[in-house]
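One structure is given here, and the rest of the page talks about it.
There are 4 protein chains.
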Amino acid sequence: MNESHSSSNRVAGEVGLRVRYAETDQMGVVYYSNFLVWFEIGRVELLRQLGFDYKTMEVDDDCFIPVVEVNCRYKSPARYDDELIVETRVTGVRGAVLKFRYRVVRVGDRQLLAEGETVHVVTDHTLTKRALPEKYAQALKGA
Amino acid sequence: MNESHSSSNRVAGEVGLRVRYAETDQMGVVYYSNFLVWFEIGRVELLRQLGFDYKTMEVDDDCFIPVVEVNCRYKSPARYDDELIVETRVTGVRGAVLKFRYRVVRVGDRQLLAEGETVHVVTDHTLTKRALPEKYAQALKGA
Amino acid sequence: MNESHSSSNRVAGEVGLRVRYAETDQMGVVYYSNFLVWFEIGRVELLRQLGFDYKTMEVDDDCFIPVVEVNCRYKSPARYDDELIVETRVTGVRGAVLKFRYRVVRVGDRQLLAEGETVHVVTDHTLTKRALPEKYAQALKGA
Amino acid sequence: MNESHSSSNRVAGEVGLRVRYAETDQMGVVYYSNFLVWFEIGRVELLRQLGFDYKTMEVDDDCFIPVVEVNCRYKSPARYDDELIVETRVTGVRGAVLKFRYRVVRVGDRQLLAEGETVHVVTDHTLTKRALPEKYAQALKGA
Chain A
285 MNESHSSSNR
295 VAGEVGLRVR
305 YAETDQMGVV
315 YYSNFLVWFE
325 IGRVELLRQL
335 GFDYKTMEVD
345 DDCFIPVVEV
355 NCRYKSPARY
365 DDELIVETRV
375 TGVRGAVLKF
385 RYRVVRVGDR
395 QLLAEGETVH
405 VVTDHTLTKR
415 ALPEKYAQAL
425 KGA
Chain B
285 MNESHSSSNR
295 VAGEVGLRVR
305 YAETDQMGVV
315 YYSNFLVWFE
325 IGRVELLRQL
335 GFDYKTMEVD
345 DDCFIPVVEV
355 NCRYKSPARY
365 DDELIVETRV
375 TGVRGAVLKF
385 RYRVVRVGDR
395 QLLAEGETVH
405 VVTDHTLTKR
415 ALPEKYAQAL
425 KGA
Chain C
285 MNESHSSSNR
295 VAGEVGLRVR
305 YAETDQMGVV
315 YYSNFLVWFE
325 IGRVELLRQL
335 GFDYKTMEVD
345 DDCFIPVVEV
355 NCRYKSPARY
365 DDELIVETRV
375 TGVRGAVLKF
385 RYRVVRVGDR
395 QLLAEGETVH
405 VVTDHTLTKR
415 ALPEKYAQAL
425 KGA
Chain D
285 MNESHSSSNR
295 VAGEVGLRVR
305 YAETDQMGVV
315 YYSNFLVWFE
325 IGRVELLRQL
335 GFDYKTMEVD
345 DDCFIPVVEV
355 NCRYKSPARY
365 DDELIVETRV
375 TGVRGAVLKF
385 RYRVVRVGDR
395 QLLAEGETVH
405 VVTDHTLTKR
415 ALPEKYAQAL
425 KGA
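Residue numbers (the working numbering), protein chains in the order written: chain A, 285 to 427; chain B, 285 to 427; chain C, 285 to 427; chain D, 285 to 427.
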């Protein structure tokens, strides 16, 4: 579904959301930290589209993926009530390190609002580094 | 320190805070849900002034106080960079039920911005109702 | 669609949402102030279902509806990744005062998680009280 | 005041804050987007220490500094009730582009929790690029 904006043939998760009033600030646009919340929504939906969900990863497999690095470039402001799509791709699966890339696009005019990356380390609930269970590694590498 | 705005002789916790940009919305004032975050800051500081802290309550005593009801009346808008004081009082300690009352006041002009109440039930970490440990009950009743 | 949980024949707006990781706290449940953000989502969707949108109200009609009072009763915790429905009803339209009622229900088991009310005063962008434009008053009274 | 952790002789703004319950997530640590909110608090306090405040910049000088890029590396989790210091430095003032660098340190053990950078473009309230007023440029270059 991403042919129009990508030459990659990796699977990309897409999820829609609408800008909340609480996410705006007095500049009349979305406050910058909210894009990180949206990145996470994209990440979780990508996992869901790969056949498993993050909630189960935490509870059943004692597998957490805290963020160790994030980068975001803001291209154009998001505004109240805008309908957006977050596109998420897996860009790295190596040992206990995962990488994702995101694009936030406004539905109405296909304007790119922001893009970014996150790096994660796989841990257990005590935040101690651990290997990614094989079933997840397979699915993510396939993506 | 509260003589000027209260005839009560109960102890009131006071804590100062400054409005964050992230807390404003596109109306140019603080978004309404943030007052509940501030209520909690007031509640925790009142506990601290009574000699114990909420972090320890959770970790050492398996004692949580989730909110079961909140009410807030907004009197005047809070604006970016305003310096505020949250005044918190204990208004009820009965069995596993606690009640607190809050006033949010702007430092510059002593304007009352909002006031409200919360009702809490004491639980363990599974959110099962339990009795408030005696040391906390004593301190709160004394307040 | 609301026959099962209401004897009222007023129109109720419904909107679905999914709990975000950012909305949870260390108790493992949704932090209490987020329900107020959801109430607003419900309110805006109800307006949309009545044929107009809040964004236009602000921009074209200089008509804002800040909250002057909110009440929320928490019945059962919302958890990460829960799918929820916010049901919103108009419960009062009198002069410059509007009232809404909300129920937050989990889709999976139809569990009621919280219910609440908000009271609003209609203002212009300077937060000065003003009359609700007739087209909105008609639509809301009809609801 | 920064001799212990910096060989630079630039002025660094420091501001203290305490982790709020609302900032934690179900992993039991601070949710990652909150560090960006703290970066902004550090940025504003640095400006204040340089003799002017951001509120005035917006209102009197029609001068906004929206973020166009942010990067954050998470070193160690921040936890509920931790007392933190945000150290902020100006790292670039060139035309309409400003850069800041941040370190978030826990007071108790001087542990570095996160560090990051933001890049800003100076705009007016319509988000159109404009020059930074000379008084601000001087102060920031001096820092």
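Note that CB positions come from ideal geometry on N, CA and C, so glycine has one too.
No experiment lies behind these values; they were computed from the predicted model shown.
Rounding to the nearest angstrom, what Cα-Cα distance links residue i and residue j in this structure?
i: residue 335 of chain C; j: residue 404 of chain C; result: 20 Å
i: residue 349 of chain D; j: residue 297 of chain C; result: 39 Å
i: residue 388 of chain C; j: residue 315 of chain B; result: 20 Å
i: residue 379 of chain D; j: residue 415 of chain D; result: 6 Å
i: residue 306 of chain C; j: residue 381 of chain C; result: 33 Å
i: residue 301 of chain D; j: residue 337 of chain B; result: 17 Å
i: residue 402 of chain A; j: residue 332 of chain D; result: 32 Å
i: residue 330 of chain A; j: residue 422 of chain D; result: 47 Å
i: residue 317 of chain D; j: residue 318 of chain A; result: 7 Å
i: residue 383 of chain A; j: residue 377 of chain A; result: 7 Å
i: residue 419 of chain A; j: residue 341 of chain A; result: 11 Å
i: residue 417 of chain D; j: residue 406 of chain D; result: 9 Å
i: residue 321 of chain B; j: residue 321 of chain D; result: 15 Å
i: residue 352 of chain C; j: residue 393 of chain A; result: 36 Å
i: residue 323 of chain D; j: residue 396 of chain D; result: 14 Å
i: residue 359 of chain B; j: residue 375 of chain A; result: 50 Å
i: residue 400 of chain B; j: residue 385 of chain D; result: 39 Å
Per DSSP, residue i forms a beta bridge with which residues?
i: residue 326 of chain A; result: Paired residues: none, contrary to the question.
i: residue 357 of chain C; result: B:353 and C:399
i: residue 413 of chain D; result: D:407
i: residue 383 of chain C; result: C:376 and C:403
i: residue 459 of chain C; result: Residue coverage of chain C in this structure runs from 285 to 427, which leaves residue 459 of chain C outside it and unanswerable.
i: residue 300 of chain A; result: A:369
i: residue 348 of chain C; result: C:407
i: residue 308 of chain C; result: C:314
For residue i, which option in the options has the closest C-alpha, if you only look at C-alpha atoms?
i: residue 412 of chain B; options: B:313, B:346, B:325 and B:328; result: B:346
i: residue 343 of chain A; options: A:423, A:421 and A:408; result: A:408
i: residue 313 of chain C; options: C:361, C:376 and C:366; result: C:361
i: residue 424 of chain B; options: B:322, B:393, B:351 and B:328; result: B:328
i: residue 365 of chain A; options: C:386, C:385, C:396 and C:339; result: C:339
According to the Cβ coordinates, are residue i and residue j closer than 8 Å?
i: residue 299 of chain A; j: residue 363 of chain A; result: no
i: residue 229 of chain A; j: residue 371 of chain A; result: The first residue shown for chain A is 285 and the last is 427, placing residue 229 of chain A beyond what the model contains.
i: residue 368 of chain B; j: residue 354 of chain B; result: no
i: residue 469 of chain D; j: residue 357 of chain D; result: In this structure chain D extends from 285 to 427, so residue 469 of chain D is not present and cannot be described.
i: residue 310 of chain A; j: residue 410 of chain B; result: no
Any beta carbon from chain F within less than 8 Å of residue i's own beta carbon?
i: residue 337 of chain D; result: No chain F is part of this structure, whose protein chains are labelled A, B, C and D.
>> By the 7 Å beta-carbon criterion, what residues does the stretch 343 to 360 of chain A contribute toward chain D?
In response: Those would be 348, 350, 351, 352, 353, 354, 355, 356, 357 and 358, in chain order.
>> Tell me which residues of the stretch 407 to 426 of chain D have at least one Cβ-Cβ distance to chain A shorter than 8 Å, keeping chain order.
In response: Within the stretch 407 to 426 of chain D, the qualifying residues are 409 and 411.
> What are the residues of the stretch 301 to 323 of chain C that lie near chain D, defined by any Cβ-Cβ distance shorter than 9 Å?
Replying inline: Per Cβ criterion, the list reads 305, 306, 307, 308, 309, 310, 311, 312, 313, 315, 316, 317 and 318.
>> What are the residues in the stretch 323 to 335 of chain D lying within 8 Å of chain B by C-beta distance?
In response: Cβ contacts with chain B: 324, 325 and 328.
> Between the stretch 362 to 389 of chain A and chain C, which residues of the former have CB atoms less than 7 Å from a CB of the latter, in chain order?
Replying inline: Going along the stretch 362 to 389 of chain A in chain order, one finds 364 and 365 with a Cβ nearer than 7 Å to chain C.
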